[in-house]
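Engineer: Here's a structure for you.
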Amino acid sequence: MLPSFKLHMHHAILDRLAKVGKYDGTHPSLTCGTSSGKVFLHNPHDKNEDDAAQAVRFLNINRDVSALCVGKFRDQDAGDTLIVGTHANILGYNVEKNSDAFYKDVPDGVNTMLFGTLPNIPSRMVMVGGNCSIQVRAEITPSRRGNEELVVGSDDYEIRAFQAEDVVCECSETGRIVDLTSIQRHLFGYALDNGTVGVYKNSHRVWRVKSKNIPTSITAFDINGDGELEVRGYLFEGNAPDGTSKDGGGAATSLLADEISAEEKEVQALIKAKAGLVGQLKAYENASLKTTKGTNVRVATTTKYDHLNKLDLYGFNRVCVSTLVKRYLLTSIAITASTTISHENVELTVSTENESVIKMIVIFDYDAGIFDGESLVIRPATPAPKATVQLPTLKKNVAATLHFRVGNRGNGNVFHVFEETFALPKFADFFPLKAAPPVRPSGCVKFKRPIRMQQVQPWVKASFLQTDVLRVSETDVDDYNSIRLKLTGDMADDSNQLKHLVIRAEDARILHDIMRSYYAELFTLNNQLLGEYTKRATNHQALLDALKDVNGMIQLAARLRHGQPKSAVILACRKAIKANNIHALFYIVKTGREESR
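Numbering (our numbering), first residue to last: 15 to 611.
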């Protein structure tokens, strides 16, 4: 089985951190988690970029990414929302708007995430599994009663199905659960860390196979086009064995480097895009498969070149990412307005505070209606750190709030959009005269003063662009006097600090031996502090191990019962742990009921 297309990303893709989402509602985009706390997005449908390599964007999370999830919270949403999980928090990100949707701290960390619904909660949500929590891998599978149940795999070799907080089914396995996948009604697949891949129907195991390699993930896909889903397990060394969902019979085997599966229609859309990158994404079309000697030779040759590309990848990553992202994070936008008698229109100057260039500016006006449409698009002929925007002739005198979107890309593969607002005064088209005109005007404007004179100056400043000539000299005197007093105080502080430093320098010259002893003592205390930190880290790990032992003891106590008493023991033990009542916990484990007061 040979791939229909490849994408080489030049970036290592972490295990189980690859998703395909339609962020604009139409075109699928590849989203992968990589090292150094970054997530990259590849969109081959971007028609504005000549080079396909420019279609890769980076999101800097600044924390190690542990899980990714893509989906819609509401049907009326324009596109999918990207959910990023780390060991400390969960972040919702709107890719199209380049803004955060939500942010939440997760004390137990995030190991896996899943979009879905539950029978008692009809709205769509993200289910999260973390440390010391019951879920580590989760899938939603309909039960024989027609209700969807949450299937969960944990580190204690157990697979459980939940309805609300009740365990309706429990299956024991021979290893830690690595991944779960939903196949169809009543069927779900699982993968273990000992190389086992299998399928369950409700609580009964249909089949399982074991390999000497360790699987990293599994998925269900119709490989041979017979209308029946096959379970495909992706192994750490690159093998991908297949088995039918009924009896586990082998359908095909191929050698993969890093494979990412998406929906069939989304993969077909990626094929039509013809992205010309060099990377580690492979997609396969479902068709009749025939294995020949020539095919095996080609597969082996392809695998060899995949390993060579991986070696080139490590050297490429050191050069590209760090220098580009650092520069764009320090960029800020400044907007200034000006008008002169020689120009009929108001001019706005948009500039950046560093060498970052401006490629495009989009200005939105939502309420005043000063544009023909709702926006004005400016694309400078030569990208530069400064761009001039000439507003159209204002048809009416009205104040407006302009929303700027400044696109900044440069020569790298990092794309940033900066947001800024600018308040356009009501009489922006008017220009104050510095001197009286040589010809006496034939007309004039009269107005009544319904307000106090003290309120005229703030009104003029808020209604016109240039009002600096209206500043009074008394204000200048006060400003200069306050600056003089501040400079005098700074000079006095500097003088006192200079005297203090001279005395300290003389003391250091005389007492240099004592200074050496102080530094030696500081070095000793620093080593003691490092030792205390090591003790604290060891104590924290011991606490986690003790909590896992307590959890295992509770599970063993629950297995001694069946049905309602089993659930009652688990709930009672949780209450005792929350109340920090160890005596009650021992009593519940021994008797199976809560201690009567």
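Quick reminder that beta carbons are idealized off the backbone N, C-alpha and C, glycines included.
For I372, which option in A442, F378 and V364 has the closest C-alpha, if you only look at C-alpha atoms?
Structural biologist: Out of A442, F378 and V364, V364 has the C-alpha closest to the C-alpha of I372.
Engineer: Where does the unbroken alpha helix (DSSP H) through L539 begin, and where does it stop?
Structural biologist: Note, L539: alpha helix (DSSP H), H526 to R573.
Engineer: How is E162 classed by DSSP in three states: helix, strand or coil?
Structural biologist: The answer is strand: DSSP assigns E162 an E or B state.
Engineer: Kindly confirm or deny that the region 432-445 and the region 412-420 touch, where touching means at least three C-beta pairs closer than 8 Å.
Structural biologist: Yes, they touch.
Engineer: So, at 8 Å on beta carbons, what are the nonlocal neighbours of K36 in its own chain, with the 5 sequence-adjacent residues on each side left out?
Structural biologist: Here the set comprises P42, S43, G93, D94 and E280.
Engineer: Contact between the region 79-90 and the region 118-130: three or more CB pairs below 8 Å?
Structural biologist: Judged by Cβ distances under 8 Å, the region 79-90 makes contact with the region 118-130, as three or more pairs qualify.
Engineer: Mind checking E457: buried by the 16 CB within 10 Å criterion, or exposed?
Structural biologist: Looking at the sequence shown, residue 457 is not Glu but Gly. G457 comes out exposed.
Engineer: Do V213 and L194 have their C-beta atoms within less than 8 Å of each other?
Structural biologist: Cβ atoms of V213 and L194: not closer than 8 Å.
Engineer: Using DSSP with H/G/I as helix, E/B as strand and the rest coil, what is T40?
Structural biologist: If DSSP states are grouped into helix, strand and coil, T40 belongs with coil.
Engineer: Under a Cβ-count criterion, where at least 16 other Cβ atoms within 10 Å of its own Cβ denotes burial, should G99 be classed as buried or exposed?
Structural biologist: By the 10 Å Cβ count, G99 comes out buried.
Engineer: Measure the Cβ-Cβ separation of V53 and L73 and say whether it is below 8 Å.
Structural biologist: Cβ distance < 8 Å, so V53 and L73 count as in contact.
Engineer: I'd like the ranges of any beta strand (DSSP E) spanning at least 3 consecutive residues and lying wholly in the region 360-396.
Structural biologist: Qualifying beta strand (DSSP E) stretches, in chain order: 361-366, 374-378 and 389-392.
Engineer: Could you name the residues of the same chain whose beta carbon sits closer than 8 Å to that of A398, not counting the 5 residues immediately before and after it, in chain order?
Structural biologist: The residues are V371 and I372.
Engineer: Please report the straight-line C-alpha distance between Y380 and V403, rounded to a whole angstrom.
Structural biologist: Taking the straight line from one Cα to the other gives about 18 Å.
Engineer: How far does the beta strand (DSSP E) with T195 in it extend, from its first residue to its last?
Structural biologist: Residues I191 to Q198.
Engineer: Using the rule of at least 16 other Cβ atoms within 10 Å of the residue's Cβ for burial, across every protein chain shown, is P452 buried or exposed?
Structural biologist: With fewer than 16 Cβ atoms within 10 Å of its Cβ, P452 is classed as exposed.
Engineer: Under the assumption that I349 contacts I375 (Cβ atoms under 8 Å), give the Cβ distance between them as a whole number of angstroms.
Structural biologist: Incorrect: roughly 10 Å between the Cβ atoms, too far for contact.
Engineer: Taking Cβ positions only, does E434 come closer than 8 Å to chain B?
Structural biologist: No chain B is part of this structure, which consists of one protein chain only.
Engineer: Can the beta-carbon of I97 be found less than 8 Å from the beta-carbon of V165?
Structural biologist: No.
Engineer: In this structure, does DSSP put S49 in helix, strand or coil?
Structural biologist: Here S49 sits in coil by DSSP.
Engineer: Can you list, in chain order, the residues of its chain with a C-beta nearer than 7 Å to that of N108? Leave out the 5 residues immediately preceding and following it.
Structural biologist: The residues are T95 and A115.
Engineer: With DSSP run on the structure shown, which of helix, strand or coil describes D521?
Structural biologist: Here D521 sits in helix by DSSP.
Engineer: I'd like to confirm the pairing. Which residues does DSSP put opposite W473 in its beta bridges?
Structural biologist: Note: W473 sits in no beta bridge, so no partner.
Engineer: Rounded to whole angstroms, what's the CA-CA distance from F176 to G167? Just pull it up for me.
Structural biologist: Near 11 Å, if we compare the C-alpha coordinates of G167 and F176.
Engineer: Between which two residues does the beta strand (DSSP E) harbouring T605 extend?
Structural biologist: It is not in any beta strand (DSSP E) - T605 instead sits in the alpha helix (DSSP H) that spans I596 to T605.
Engineer: Does DSSP classify L499 as helix, strand or coil?
Structural biologist: Residue state, collapsed to three classes: helix.
Engineer: Starting from V120, trace the beta strand (DSSP E) both ways and give me its first and last residue.
Structural biologist: Premise fails: V120 is in no beta strand (DSSP E) and is neither H nor E.
Engineer: Taking only three categories from DSSP, how would you classify S80?
Structural biologist: Looking at S80 - three-state DSSP - the assignment turns out to be strand.
Engineer: If you draw a straight line from the C-alpha of I232 to the C-alpha of Y204, how long is it?
Structural biologist: If I take the Cα positions, the gap works out to 7 Å.
Engineer: So, is E179 buried or exposed, given that buried needs 16 or more other C-beta atoms within 10 angstroms?
Structural biologist: Exposed, by the Cβ-count rule.
Engineer: Considering only the alpha carbon of each residue, which of A234, G383, N359 and V474 lies closest to P406?
Structural biologist: If we check each option's Cα against that of P406, N359 comes out closest.
Engineer: Please report how far the alpha carbon of K111 lies from the alpha carbon of Q468, in whole angstroms.
Structural biologist: Each residue's alpha carbon lies about 44 Å from the other.
Engineer: Looking at the secondary structure, which residues open and close the alpha helix (DSSP H) in which Q676 lies?
Structural biologist: Because the chain is modelled from 15 through 611, residue 676 falls outside the range shown and cannot be assessed.
Engineer: Residues in the same chain with beta-carbon distance under 7 Å from N134, minus the five sequence neighbours each way, listed in chain order, please.
Structural biologist: Closer than 7 Å at Cβ, skipping near neighbours: A178.
Engineer: Thinking C-beta only, is G144 closer than 8 Å to D122?
Structural biologist: Yes, Cβ-Cβ distance for D122 and G144 is below 8 Å.
Engineer: What residue does the beta strand (DSSP E) around H417 start on, and which one ends it?
Structural biologist: Note, H417: beta strand (DSSP E), A414 to N422.
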